[in-house]
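Taken in order, these protein sequences are the chains called A and B. Under numbering that gives the first Met the number 0, think of the first position of the first sequence as 0, with each following residue one higher. Under numbering that gives the first Met the number 0, think of the first position of the second sequence as 0, with each following residue one higher.
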Amino acid sequence: MNVPLRDVLVLSVALFSLGLCGALLRRNAITIFLSIELMLNAANLAIVGFASRVGGYSGQIVVFFAIVVAAAEAAVGLAIFVAVFRHHETIDVNKTNLLKW
Amino acid sequence: MPLLLLPLLPLAGFLLCGLLGKRLGKTFVTVCGVGSVALTTVLAYVRLVPYVAGVFSGHAAPILERYGSWIRAGNVSIDFALRLDPLSALMLSFVTFVGFLIHVYSVGYMHADTGYGRYFAYLNLFMAAMLTLILAANFLVLFVGWEGVGLCSYLLIAFDYLKESSARAGRKAFVANRVGDFGFLIGLFLILGVFGTLEFDRLFSAVAASPGRYAPAMTAIALCLFVGACGKSAQIPLYVWLPDAMAGPTPVSALIHAATMVTAGVYVVARSNVFFRLSPSAMAVVAIVGGATALFAAIIGTAQNDIKKVLAYSTVSQLGYMFLACGVGAFVAGMFHVMTHAFFKALLFLGSGSVIHAMGGEQDMRRMGGLRRALPVTFWTFLAGTLALAGIPIWAGFFSKDEILGAAFAKSPGLWLVGFVAAGLTSFYMFRLVYRTFFGEFRGTDDQKHHLHESPASMTVPLVVLAVLSTFGGLVGLPAIVGPRANLFHRFLDPIVPPLSGGFEPGELSRGLEIGLIAASVAIALAGWLIARVCYAGDRSGSLPERFVRAVPGLHRVVENKFFVDEIYDFLIYRPFRALARFFWKAIDTLVIDGLINAGAFVVELSGDLLRFFTTGNVRNYALTFLLGIVGLLAWLGWMGAR
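What follows is the structure in structure tokens.
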């Protein structure tokens, strides 16, 4: 099965835009986090698309690495949310504005 | 026994007294402080006796001891080296011995002082620096000692540092010496520039080998060295610090500000006589400054009421004589006066210390009188010192002063006249001091009268020893009329003034003229004594001076206030400098430099204040900013790519 690069990129852009909107508009930290994962995977998809166009497997291997790193990052991120929730009883990002002077 | 041990022993004493003195107590300080100097004196004489014997049997070659290379840069190589030659041997002989006597005296004088350990530490450090100065084999080592004695002088003048006047006097001495030292340092750089070395032997043999070649550079070098000598030896215009230096303890005045340190300037001039002799104008400057100082300080000395101030101005005046001698080419006579002056002026200061001790700290002669009954030893020894200083025959000062006056006459009768008048004034102010202090009725309070006592043996024994030296010390330098080889001093010291073709030569005197000059100086000394006796002793004591003061009140006021020199300096130098410093402080430092720094800090603070509004703490704002940044970056890249 040979999917044209254009279709792959269109899908990637659509996913990325959805993720971006979600990350900017939602207030629940977990939802934001999911949106960021969506953008990451949109990027992964674009890389796979370009890689198959260029030929060879190195691009797909890079994407595997990116997915592994994303998994580790997800663990850390969720642990942070748990810790924040214990302190504030909420993970609404508008109410946990700690990162300031 | 290496020469290096001589400065090192007092240095060890300084460290022990200074670091452990407070913990281990007075006995320890006495043993270390006096013991180190006693040992130094013994060792110095162990080296001196064979060397002096050698010089008299014709082996005057200097002994050089090199302890290693100090500075090596390019073509310049300076060793740390010490040297024993007739000149340093002479200085060594009396610096160690008089220093030792004054250390012993200090044990009695300072016994009740809380700073006993500190005092002996400084005094030992002074001895170390002074010995470095006189034993140095090159100008750089000499300069180390030179600055060292300056530092100790400052520390000891301001010894009573809680008293504002003492601290001020210390600062004044330090600053006046800095002015001189600056000239001295420039002189050293000039020497280094012309010769490429600072080693005495190489310098003086190079000049002696080709005097014509070096003569043009000598005026500048000699004058720079003389500026340094003026500072250290208290000559016009830098003499103002020495009278104020009397704020220090009296033994310090005796050791540093009369016998040893202040003669360092004369020593340097005599040491570099080869330079000076090649420049007639430098010699003239030395002679004129010396003569003017001798007369000027003697005039001021006649109107002082503080017993130590009289002696201080007398010291300035006698140092003037020494420079007068150097300036007319009689370097050996100058050094002779350095030696005899060390004996009798140390004696006079220690005697005045004994008087002050007995009077419970009183220094004003107007409240003394009749002390000869209560302080017989002090009186008789003080009298010996006075006779020596006044130049009464057979006492030491007579021989040295007479030789200087003779040499001055041979060169210029005008200079002789200045010295001659100053000699009469010297005799007058010294006997005035003696009559007002030791004769007549006691004028102090009843308390003081009750308290009067002769000083302890640790103070009177040095007085007696110095009195003997002041009385007989001059016999080593009998005048030429006695016999051609009678003057041991000249036979010993003449090698330091090597023959120099085209150099300045001292004048010659006929035998008859010399006898006439001796008679004249004895006559004026006796005249000074007589006038002082008429004015200050007997039934009409005090009435004549009072009438004199009433006749010329203006003159008296000017002399009593030291010709207002301090006030003139205050107005001409101190105030402008203070104003300049204030300007730099208020305008340049506070306004410009602080302003620049504060402006920088203000910009940073302001930008921080503005930028902190972007730090909301809201993750979504950050994400939006992030997005805008990315969009901006991409737009820029796209625009760049499209170009």
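Glycine included, C-beta positions come from ideal geometry on N, C-alpha and C. Note that the structure is a prediction, hence the values are computed from the model and not measured.
CA-to-CA distance, residue j to residue i, given in whole angstroms
i	j	result
residue 64 (chain B)	residue 226 (chain B)	29 angstroms
residue 313 (chain B)	residue 425 (chain B)	7 angstroms
residue 206 (chain B)	residue 13 (chain B)	39 angstroms
residue 221 (chain B)	residue 273 (chain B)	9 angstroms
residue 94 (chain A)	residue 605 (chain B)	29 angstroms
residue 405 (chain B)	residue 255 (chain B)	29 angstroms
residue 3 (chain A)	residue 49 (chain A)	10 angstroms
residue 628 (chain B)	residue 614 (chain B)	15 angstroms
residue 576 (chain B)	residue 147 (chain B)	27 angstroms
residue 17 (chain B)	residue 9 (chain B)	12 angstroms
residue 31 (chain A)	residue 641 (chain B)	35 angstroms
residue 36 (chain B)	residue 136 (chain B)	22 angstroms
residue 285 (chain B)	residue 232 (chain B)	12 angstroms
residue 501 (chain B)	residue 423 (chain B)	36 angstroms
residue 647 (chain B)	residue 449 (chain B)	Because residue 647 (chain B) is not part of the residues shown, which for chain B are 0 to 642, the question remains open.
residue 21 (chain A)	residue 639 (chain B)	31 angstroms
residue 210 (chain B)	residue 291 (chain B)	30 angstroms
residue 300 (chain B)	residue 428 (chain B)	6 angstroms
residue 283 (chain B)	residue 324 (chain B)	11 angstroms
residue 298 (chain B)	residue 110 (chain B)	36 angstroms
residue 335 (chain B)	residue 26 (chain B)	37 angstroms
residue 252 (chain B)	residue 245 (chain B)	6 angstroms
residue 532 (chain B)	residue 382 (chain B)	14 angstroms
residue 326 (chain B)	residue 182 (chain B)	19 angstroms
residue 373 (chain B)	residue 288 (chain B)	41 angstroms
residue 20 (chain B)	residue 33 (chain B)	13 angstroms
residue 57 (chain A)	residue 637 (chain B)	28 angstroms
residue 275 (chain B)	residue 169 (chain B)	31 angstroms
residue 167 (chain B)	residue 157 (chain B)	8 angstroms
residue 619 (chain B)	residue 16 (chain A)	16 angstroms
residue 392 (chain B)	residue 258 (chain B)	21 angstroms
residue 71 (chain B)	residue 77 (chain B)	6 angstroms
residue 61 (chain B)	residue 118 (chain B)	35 angstroms
residue 204 (chain B)	residue 469 (chain B)	36 angstroms
residue 130 (chain B)	residue 582 (chain B)	43 angstroms
Status (buried if at least 16 other CB within 10 Å, exposed otherwise) for residue i
i	result
residue 43 (chain A)	buried
residue 41 (chain B)	exposed
residue 370 (chain B)	buried
residue 349 (chain B)	buried
residue 434 (chain B)	buried
residue 571 (chain B)	exposed
residue 590 (chain B)	exposed
residue 102 (chain B)	buried
residue 234 (chain B)	buried
residue 635 (chain B)	exposed
residue 85 (chain B)	buried
Proximity below 8 angstroms, CB of residue i to CB of residue j
i	j	result
residue 384 (chain B)	residue 419 (chain B)	no
residue 281 (chain B)	residue 230 (chain B)	no
residue 296 (chain B)	residue 264 (chain B)	no
residue 513 (chain B)	residue 479 (chain B)	yes
residue 366 (chain B)	residue 534 (chain B)	no
residue 379 (chain B)	residue 386 (chain B)	no
residue 14 (chain A)	residue 37 (chain A)	yes
residue 345 (chain B)	residue 465 (chain B)	yes
residue 92 (chain A)	residue 28 (chain A)	yes
residue 2 (chain B)	residue 81 (chain B)	yes
residue 7 (chain B)	residue 83 (chain B)	no
residue 495 (chain B)	residue 269 (chain B)	yes
residue 352 (chain B)	residue 108 (chain B)	yes
residue 413 (chain B)	residue 401 (chain B)	no
Min CB distance residue i to chain E below 8 angstroms
i	result
residue 376 (chain B)	Given the protein chain composition of this structure (A and B), no chain E is represented.
*According to a CB-to-CB cut-off of less than 9 angstroms, which residues of the stretch 609-627 of chain B neighbour chain A?*
611, 614, 615, 616, 617, 618, 619, 620, 621, 622, 623 and 626
*Residues, ordered as in the chain, of the stretch 7-22 of chain A that lie near chain B by beta-carbon distance below 9 angstroms*: 19 and 22
_Threshold first: 4 residues or longer. Then list the alpha helix (DSSP H) segments lying entirely within the stretch 257-314 of chain B, N to C._
Given a length threshold of 4 residues, each whole run of the alpha helix (DSSP H) inside the stretch 257-314 of chain B is given here in chain order: 263-270, 272-276 and 279-300.
*Starting from the N-terminal side, write out each stretch of the alpha helix (DSSP H) that is 4 residues or longer and does not extend beyond the stretch 375-411 of chain B.*
375-389 and 395-410
*Using Cβ-Cβ distances below 7 angstroms, what residues of the stretch 85-96 of chain A are close to chain B?*
Within the stretch 85-96 of chain A, the residues whose Cβ lies closer than 7 angstroms to some Cβ of chain B are 92, 93 and 96, listed in chain order.
_I'd like the ranges of any alpha helix (DSSP H) spanning at least 4 consecutive residues and lying wholly in the stretch 35-88 of chain A._
Runs found: 57-87.
*Counting only runs that start and end within the stretch 446-533 of chain B, where is the alpha helix (DSSP H) found for 4 or more residues in a row?*
Runs found: 456-471 and 487-492.
*Start-end ranges of the alpha helix (DSSP H) lying completely within the stretch 142-174 of chain B, minimum 4 residues*: none
*Report the residue ranges of all alpha helix (DSSP H) runs contained in full by the stretch 579-639 of chain B; include only those spanning at least 4 residues, in chain order.*
593-610
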